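Going down the list, the protein sequences come from chains A and B. Counting along the first sequence from 1, when you hit position 241 you're at 240 in numbering that gives the first Met the number 0, and nothing is skipped either side. Counting along the second sequence from 1, when you hit position 43 you're at 42 in numbering that gives the first Met the number 0, and nothing is skipped either side. Accompanying notes for the structure given below.
Number of protein chains: 2
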Amino acid sequence: MTKPTMDDVARRAGVSRALVSLALRDSPKVSDASRVAVRAAADELGYRPNLIARHLASKQTRTFGLVINDLHNPYFPGVADGVRRAADAAGYRMLIQSAFLDDVVERSALDTFIDFRVDGIILTGARLPAAAIEAAARSVPIVVVSRPMRSVNVDTLNNDDRLGAELATGHLVELGHRHICHIDGGDGAGAAQRRAGYEATMRRHGLEPWVVSGAFTEASGVAAAERALGSGRPLTAIFAGNDVSALGALDVIEESGRSVPHDISLVGYDNTFVAALRHVSLTTVEQGRERLGELAVETLINRIEGGRTKAIHHVIPPTLVVRHTTAPPP
Amino acid sequence: MTKPTMDDVARRAGVSRALVSLALRDSPKVSDASRVAVRAAADELGYRPNLIARHLASKQTRTFGLVINDLHNPYFPGVADGVRRAADAAGYRMLIQSAFLDDVVERSALDTFIDFRVDGIILTGARLPAAAIEAAARSVPIVVVSRPMRSVNVDTLNNDDRLGAELATGHLVELGHRHICHIDGGDGAGAAQRRAGYEATMRRHGLEPWVVSGAFTEASGVAAAERALGSGRPLTAIFAGNDVSALGALDVIEESGRSVPHDISLVGYDNTFVAALRHVSLTTVEQGRERLGELAVETLINRIEGGRTKAIHHVIPPTLVVRHTTAPPP
DNA sequence: CTGAAAGCGCTAACAT
DNA sequence: ATGTTAGCGCTTTCAG
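What follows is the structure, encoded as C-alpha cells:
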C-alpha cells in the first residue's frame, strides 16, 4: 500500500531523482534513452506522482475549484460542463464542492479550496456576502458566476438577469395577461435583478407588480404558489424566479384543479433539462450557462497567466424560450 | 498576494513554529496564554494553514473524493447529500469530480484523486472496468456505490437492482400488463441486474421479455422508445432503466399521441425529484440513495481507521413507489 | 544532459 | 509547556 516515490523510480532507472522529474514532465533537456528508461521504470513500479508534493514545490496546482451553490438544482451542472471543457483544454483540473444551499457550508467550501491552494476558484450561484468574497479574492483569483456583484477585484460573469425577467414578463403581458405574480428568489443569486426587471416591466405597462417571496428551490415554489393562489387575488400568470421553483408552483396549480396554461400561464428561468421535457414544456429563460462556465475559465486564466489585475464584469444576454406553459389568459 | 506562513505567525506571537502548529490544532499540551497569543497573531495576519504542506507532512488529507458518473443525472446529488452529511460528522472534507458520462474522464478523475492522496474514494455509478478499480484500490481505499461488482478488495454498496426490477415488473404484471418492454441501461452501472430482474419476472409469469437497449440518459430513452413504439409490436407498458430514460420515453409516448398511463404505463428507477413532480408523477423505484452515501463513508472510515482489509458488500432493499404513470392496460 | 543540494510549509518525534 | 530537528516527495537552481 505504500506507494513508490520518485526516488524508487530513479534508483530503478539508474538515474538521479531530478532527472526523473524532468523526464516525466517531458522536458526537452532529457535524452531519449533516459526518458525511455525512466518511463519504463515508472510503469513497472506503478508510480504515480504525488501532486501534494509537486504542488508544494512548484507553488501551483493547475487545479480550479468550482463551488456549486446547490447540486440539486439542474442549472449548475450546465455551468460545470462549460468549466470542465475549458479547463480541460487549458490543462487544468477541476474539483467541485457543493454548498448544499447552506451559507456556512459554502463558506467552508471556499476556505477548503483556498487551503488547498487551488490556482483559481469559480463561485457559482454563491450567496456569500460580497465582502467575504472580496476578502477571499485577496489570496486567490476568484470569478463569481451567476451572481451579480460590483467589485474592483473580483471578476463576475452573468447573464443579464434584469433583461431576462423583462423578456419573461413582457412575453406574458403581450399575451394579454394583467394579473401576473412573481415568485422571487429571495436572497438567492440574481434574484434581486430578476425582481427588478419584473417590476419595471409591469410598471411600464401600467400594471401593478405582485411579488411573493420565495427561494430558488422547488419547496419554496410550492409554498409561494399556495400563498398566491390562496390570496383570492385575481391571477392569470406566474413568473417564477427559476425553473425548479416554477415546477413547485406547477404542482400546486394543478393540485388546485387549475390547468396550465389554460387557467394560469407559467414562466421559469434557467432552461434546465426539466423545462425542456415535453411533458413539462416550461416557457423559460436561457442564460447560456455553458458559455458562462467557459468564460469563467478564460477569465481566471487570463488573470493567472496574463497577470491582469483589474476586475472584469461580463454580462451576456439571455434569451426567452417559449414553450407550452404560456398562453393568452382565459 | 503572498500568504503568511506558520513561521510568520510564530514570529509574531513570539513562539516556535511547532507550538503554532499545536495551538492551531487545539492540542491540549499548549498553555492558554500561548493559545490565545497564537490565535491572535494568526488572525491579525489572516493566516490560513497550507493544507498541501500539512498533508505532505502528516500523510493524510482527511478528505474523501467522490466521483459522480453524471452530474446531470438527478440521482447522484442524493448520494452526495448522504456522503457529505456523514463525512462532515466524521470530520472529513468531500471533493467531487464528475465523469461527465465519459470513461476516459472517469478514469482521470479517479487518478486525480489518487494523485492528490485523498484518504478514500467513493465511486458512484462508475462504468470503469472492475480490473481498473481493483488496481486503483491497491493504493487507496475505494468504495463503489450503485455499481454491483464482486471483489475481494474493494467494498461495494448497492440497492438490490434485481429485486427493484422485479418489483417494477411485477407491479406491471399485477396490473394486467402482458406486453411490457424494458428499455435497459446498456452497460451502465446496475443495468445488467435490472435487466435480469425484469427478464426473470416476465418468464416467471409466462411472458416474453422484450428488451430494447438504451443507456441511463434522457436521449437514450427517447431513441429506445421510438424504436419500441415504431416496431409495431403490441405494447402496453414500459419499464425504463432509470428515471431520466423514462422521461425521454414519456416524451416520445406523448408525442406519438398516446397517453400515459391510459394507453401505456411507464415505470422508472431511482425516484429522483423529477419523478416526484406531481406533473410527472412517475412510478419508480427508490434505492435509498442518501443512505447509500452515508454507508459509503462509514465503510471507508472503518477501513481506514479500523484497519479492516476484507471487502464488504452491502446490499440494501429498494422499494417501489407507485404514482400515476401506471394503470391497468386499456 | 545529468547530479547535488536547497528548499516548499508543515508535522512529529525528541529534547529541554 | 515549549523549542529543535528531521523529514514528507517533489521541483528548481546551480554545477559539472
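Quick reminder that beta carbons are idealized off the backbone N, C-alpha and C, glycines included. Being a predicted model, the structure only gives us computed values, none of them experimental.
How many Å lie between B/S258 and A/T216 at the Cα? The count along the second sequence starts at 1 and reaches residue 258 of chain B at position 259. The count along the first sequence starts at 1 and reaches residue 216 of chain A at position 217. For B/S258 and A/T216, the distance between alpha carbons rounds to 29 Å.
From B/T111 to A/R61, what distance separates their C-alpha atoms? Here the question's residue 111 of chain B lines up with position 112 in the second sequence. Here the question's residue 61 of chain A lines up with position 62 in the first sequence. Each residue's Cα considered, the two are about 12 Å apart.
Comparing C-alpha positions only, which one of A/F75, A/I113, A/V210 sits nearest to A/T168? To locate residue 168 of chain A, count along the first sequence from 1; it is residue 169. Comparing Cα-Cα distances from A/T168 to each of A/F75, A/I113, A/V210, the minimum goes to A/V210.
What does B/A79 touch in chain A if you count any residue whose Cβ is under 7 Å from its own? The sequence position of residue 79 of chain B within the second sequence is 80, counting from 1. Ordered by position in chain A, the residues that pass the 7 Å Cβ test against B/A79 are L70, S97.
Nearest to B/A276 by alpha carbon, out of A/E304, A/S145, A/G220? Translated into positions along the second sequence, residue 276 of chain B becomes position 277. The sequence shown places Leu at residue 276 of chain B, not Ala. That would be A/G220, whose Cα lies nearest to the Cα of B/L276.
A/V320 versus A/I263 - alpha carbon distance: What you label residue 320 of chain A is simply residue 321 of the first sequence in a count that begins at 1. What you label residue 263 of chain A is simply residue 264 of the first sequence in a count that begins at 1. Those two C-alpha atoms are separated by around 18 Å.
Would B/D183 pass as a contact of B/V314 if the rule is Cβ separation under 9 Å? To locate residue 183 of chain B, count along the second sequence from 1; it is residue 184. To locate residue 314 of chain B, count along the second sequence from 1; it is residue 315. No, they are not a contact pair.
Near A/A12, what residues of its chain come up, given a Cβ to Cβ distance below 6 Å and the 5 sequence neighbours on each side ignored? Position 13 of the first sequence, counted from the start, is the residue given in the question as residue 12 of chain A. A36, V37, A40.
Can you grab the Cα-Cα spacing for the pair A/N241 / A/H181, in whole Å? By one-based count along the first sequence, residue 241 of chain A stands at place 242. By one-based count along the first sequence, residue 181 of chain A stands at place 182. Distance between the alpha carbons of A/N241 and A/H181: 11 Å.
By Cβ distance below 8 Å, which residues in the same chain neighbour A/I113 in space, the five residues on each side in sequence not counted? Taking the first sequence and counting its residues from 1, one reaches residue 113 of chain A at position 114. Once the five neighbours on either side are set aside, the close Cβ partners of A/I113 are I120, A135, S138, V139.
Which word fits A/S244, buried or exposed, when buried means at least 16 other C-beta atoms lie within 10 angstroms of its C-beta? On the first sequence, position 245 is the one that residue 244 of chain A refers to. With 16 or more Cβ atoms within 10 Å of its Cβ, A/S244 is classed as buried.
Quick one: residues in its chain with C-beta nearer than 6 Å to the C-beta of A/H54, no 5 flanking neighbours on either side, listed in chain order? If you number the first sequence from 1, residue 54 of chain A lands on position 55. Cβ within range, chain order: T60.
Please state whether DSSP places B/V243 in a helix, a strand or coil. By one-based count along the second sequence, residue 243 of chain B stands at place 244. Looking at B/V243 - three-state DSSP - the assignment turns out to be helix.
Nearest chain A C-beta to B/D114 closer than 9 Å, yes or no? Counting from one through the second sequence, the residue named residue 114 of chain B turns up at place 115. It does; some Cβ of chain A falls within 9 Å.
Short CB-CB distance (under 9 Å) between B/T325 and chain A: Your numbering for residue 325 of chain B matches position 326 in the second sequence. No, no contact with chain A.
Using C-beta distances below 6 Å, list every residue in its chain close to B/L70, excluding the 5 sequence neighbours before and after it, in chain order. Working through the second sequence from its first residue, we reach residue 70 of chain B at position 71. Here the set comprises S97.
Leaving aside the five residues before and after A/G175 along the sequence, list all residues of the same chain whose C-beta is less than 7 Å from its C-beta, in chain order. If you number the first sequence from 1, residue 175 of chain A lands on position 176. So the qualifying residues of the chain are P327, P328.
Please identify the residue among A/A223, A/L65, A/V172, A/A88 whose C-alpha is closest to the C-alpha of A/S145. Numbered from 1 along the first sequence, position 146 holds the residue referred to as residue 145 of chain A. The shortest C-alpha separation from A/S145 is found at A/L65.
Listed by chain order, chain A residues near B/K309 by CB distance under 9 Å: Position 310 of the second sequence, counted from the start, is the residue given in the question as residue 309 of chain B. Within 9 Å Cβ-Cβ: nothing; B/K309 doesn't reach chain A, min ~15 Å.
My guess is that A/A227 and A/L234 are in contact by the Cβ rule of under 8 Å, so how many angstroms apart are they, rounded? Against the first sequence, residue 227 of chain A aligns to sequence position 228. Against the first sequence, residue 234 of chain A aligns to sequence position 235. Correct: roughly 6 Å between the Cβ atoms.
Please give me, in chain order, every unbroken run of the beta strand (DSSP E) with length at least 3 that falls completely inside the stretch 189-269 of chain A. 236-239, 264-266
9 Å is my cut-off, CB to CB: does B/A41 come that close to chain A? Position 42 of the second sequence, counted from the first residue, corresponds to residue 41 of chain B. No - not a single Cβ of chain A is within 9 Å of the one on B/A41.
Simplified DSSP assignment, three categories, for B/M5: Walking along the second sequence from the start, residue 5 of chain B turns up at place 6. Note: B/M5 maps to helix in three-state DSSP.
Kindly indicate if chain B contains any beta-carbon less than 9 Å away from that of A/H181. Locating residue 181 of chain A in the first sequence gives position 182, where the first residue counts as 1. Answer no: the Cβ-Cβ gap between A/H181 and chain B never drops below 9 Å.
Per-residue contacts from B/R302 into chain A (C-beta, under 7 Å): To locate residue 302 of chain B, count along the second sequence from 1; it is residue 303. Contacts between B/R302 and chain A, judged by CB atoms closer than 7 Å, are missing: the closest CB pair is about 11 Å apart.
Do you know offhand how far B/N68's Cα is from B/E105's? On the second sequence, residue 68 of chain B is found 69 positions in, with the first residue counted as 1. On the second sequence, residue 105 of chain B is found 106 positions in, with the first residue counted as 1. In a straight line, the C-alpha of B/N68 is about 7 Å away from that of B/E105.
8 Å Cβ cut-off: residues of chain A touching B/R47: In the second sequence, counting from the first residue as 1, residue 47 of chain B sits at position 48. Near B/R47 (Cβ distances below 8 Å), the residues of chain A are D110, I113, D114, S138.
In terms of residues, what are the limits of the beta strand (DSSP E) holding B/G119? Along the second sequence, read from residue 1 onward, the residue named residue 119 of chain B stands at position 120. Taken as a continuous stretch (DSSP letters only), the beta strand (DSSP E) holding B/G119 covers 119-123.
Quick one: using the 10 Å Cβ neighbour count with 16 as the cut-off for buried, is B/T282 buried or exposed? As a first step, residue 282 of chain B is located in the second sequence; it is residue number 283 there, counting from the start. By the neighbour-count rule (16 or more Cβ atoms within 10 Å), B/T282 is buried.
Relative to the C-alpha of A/L291, which residue among A/T308, A/A85, A/P73, A/D6 is closest? Translated into the one-based positions of the first sequence, residue 291 of chain A becomes position 292. Comparing Cα-Cα distances from A/L291 to each of A/T308, A/A85, A/P73, A/D6, the minimum goes to A/A85.
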